Amino acid sequence: MAPTRGFARPYWVALRYMIVATIALGIIYPLAVLGVGQLALPAQANGSLITNADDTVTGSSLIGQSFTDADGNALPEWFQSRPSVAGYDASASVGSNYGPENPDFLDEIAARKAAISELEGVDPADIPVDALTTSASGLDPQISPEYALLQVPRVAEARGLEESQVHDLVESFIQGRDLGYLGNETVNVLQLNLALAQLG
730 MAPTRGFARP YWVALRYMIV ATIALGIIYP LAVLGVGQLA LPAQANGSLI TNADDTVTGS
790 SLIGQSFTDA DGNALPEWFQ SRPSVAGYDA SASVGSNYGP ENPDFLDEIA ARKAAISELE
850 GVDPADIPVD ALTTSASGLD PQISPEYALL QVPRVAEARG LEESQVHDLV ESFIQGRDLG
910 YLGNETVNVL QLNLALAQLG
């Protein structure tokens, strides 16, 4: 019997270790992280959700949305987001992976440049790069302040608002660089459009 006990002992030790590790790392640790997240950063832990005036969830500040009609045409009364290969589908995050000299990529840029130039009534050379290119994730919720300000005349006209009023709204939604020097200034399109809806 002694040899049998000696043979089985390592398996019992491994089984006990697996049970303890499963409880500690599979139950206690996740619950602890969840608790800390809910206490310290509840908005971020719950997906950074954005609600409108009647407390209905309209999206997340981390995921971009499209403001187009069923045919993919820009709705003139809304600020437009950055182009997205994924169609802003969070379950299909993807970039185009085109190289800078890929003919398909260059054709897409030319088509977007012409469409935005016509929509906004601006010189193609004045269109910011983020209005023409997709992001690596296809889910970016922000655009550059330059692209947001470019859209002000069109949005103001479509809504019957003063350009200065819409311009000031955009300025109020410009988010500075992280830590004051990392990245670029941005404007969250969904948050801006929700505030715009309150203006009229």
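Under the working numbering, think of the first position of the sequence shown as 730, with each following residue one higher. Backbone N, C-alpha and C fix where the C-beta goes; we use that ideal spot for every residue, glycine too. All values derive from a computational prediction rather than experimental measurement.
Proximity winner among Gly867, Val742, Glu900, Gly735, relative to Ala819 (alpha-carbon distances): Gly867
Short Cβ contact (8 Å threshold) for Ile828 with Arg811: Position check: residue 828 holds Gly in this sequence, whereas Ile was assumed. Their beta carbons are not under 8 Å apart, which means Gly828 does not touch Arg811 by this criterion.
Gln767 to Pro759 span [Cα, whole Å]: 12 Å
Sheet register partners of Ser789 (DSSP bridge): Leu778
Beta carbon of Asn922 nearer than 8 Å to that of Phe808: yes
Pro739, buried or exposed, once every other Cβ within 10 Å from all chains shown has been counted against 16: exposed
Cβ-Cβ distance between Ser777 and Leu763 below 8 Å: no
Buried/exposed call for Lys813, threshold 16 Cβ in 10 Å: This sequence places Ser at residue 813; Lys is not what is there. Buried, because 16 or more other Cβ atoms sit within 10 Å of the Cβ of Ser813.
Asp907 - partner residues in DSSP beta bridges: Leu911
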